[in-house]
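Scroll down for the structure; my scribbles are underneath it.
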Amino acid sequence: MNTWHDVAAQADLFEDAGIAVTVQGQEVALFSVAGQVHAIDNACTHGPARLCEGWVEGAEVECPLHQGRFSLETGEATFGPACESVRVWPVRIDNGRVWVSLDAPLNL
Ligand code: FES
1 MNTWHDVAAQ
11 ADLFEDAGIA
21 VTVQGQEVAL
31 FSVAGQVHAI
41 DNACTHGPAR
51 LCEGWVEGAE
61 VECPLHQGRF
71 SLETGEATFG
81 PACESVRVWP
91 VRIDNGRVWV
101 SLDAPLNL
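The working numbering puts the last residue of the sequence shown at 108; the count rises by one with no breaks.
Here's what the structure looks like:
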């Protein structure tokens, strides 16, 4: 059973944009795309960039530093120079609040 953390109001999220939240001392990036909320590691696997500051295109985020891309659904690095996946975390929405669990990534 997952341990859930209340990290944000759903109203804090804007379509096709990211925000950073801290969960158990770890930064997670939240994105709202087509009405669905995704939570991924906020750190690019290629270098020192925060993915919450990236550009959202479809269900992918483009890293603001070297334009590597990651799937928000699977965490897969879909465009270089990024080649390692980021972790994707379980999200649930309850009563207008966004809850994230860091117990186990969805994609590893
Ligand atoms: S730091 Fe993200 S692609 Fe290089």
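Note that CB positions come from ideal geometry on N, CA and C, so glycine has one too. Please read all numbers here as calculations on a predicted model, not as lab measurements.
Report the option in the options whose CA atom is closest to the CA atom of residue i.
i	options	result
LEU38	PRO48, ALA49, GLY25 and PHE14	The identity of residue 38 in the sequence shown is His, whereas the question assumes Leu. Among PRO48, ALA49, GLY25 and PHE14, the Cα nearest to that of HIS38 is on PHE14.
ARG50	ALA17, THR3, GLY58 and ALA34	ALA17
GLY25	PHE31, ASP41 and VAL91	ASP41
LEU65	SER71, VAL56, PRO48 and GLY58	PRO48
GLU73	MET1, GLU57 and VAL21	GLU57
PRO105	ALA34, GLU62, PHE79 and VAL88	VAL88
GLU84	ASP94, ALA43, ILE93 and GLY35	ALA43
LEU108	ALA29, GLY75 and SER71	GLY75
How close, in whole Å, do the beta carbons of residue i and residue j come, if the pair is a contact with beta carbons under 8 Å?
i	j	result
VAL100	VAL7	5 Å
CYS52	ALA82	Rounded, the Cβ-Cβ distance is 15 Å, inconsistent with contact.
Rounded to the nearest angstrom, what separates residue i and residue j at their Cα positions?
i	j	result
GLY54	LEU102	22 Å
GLN10	PHE31	10 Å
GLU27	VAL91	15 Å
ASP12	HIS5	16 Å
ALA77	ALA59	12 Å
GLN67	HIS46	10 Å
GLY96	THR3	18 Å
VAL98	GLN36	11 Å
ASP94	GLY80	36 Å
*asked:* So if I measure from each beta-carbon to every heavy atom of the ligand FES and keep distances below 6 Å, which residues remain?
replied: After applying the 6 Å Cβ criterion, the set is CYS44, HIS46, GLY47, ALA49, CYS63, LEU65, HIS66, GLY68, PRO81 and ALA82.
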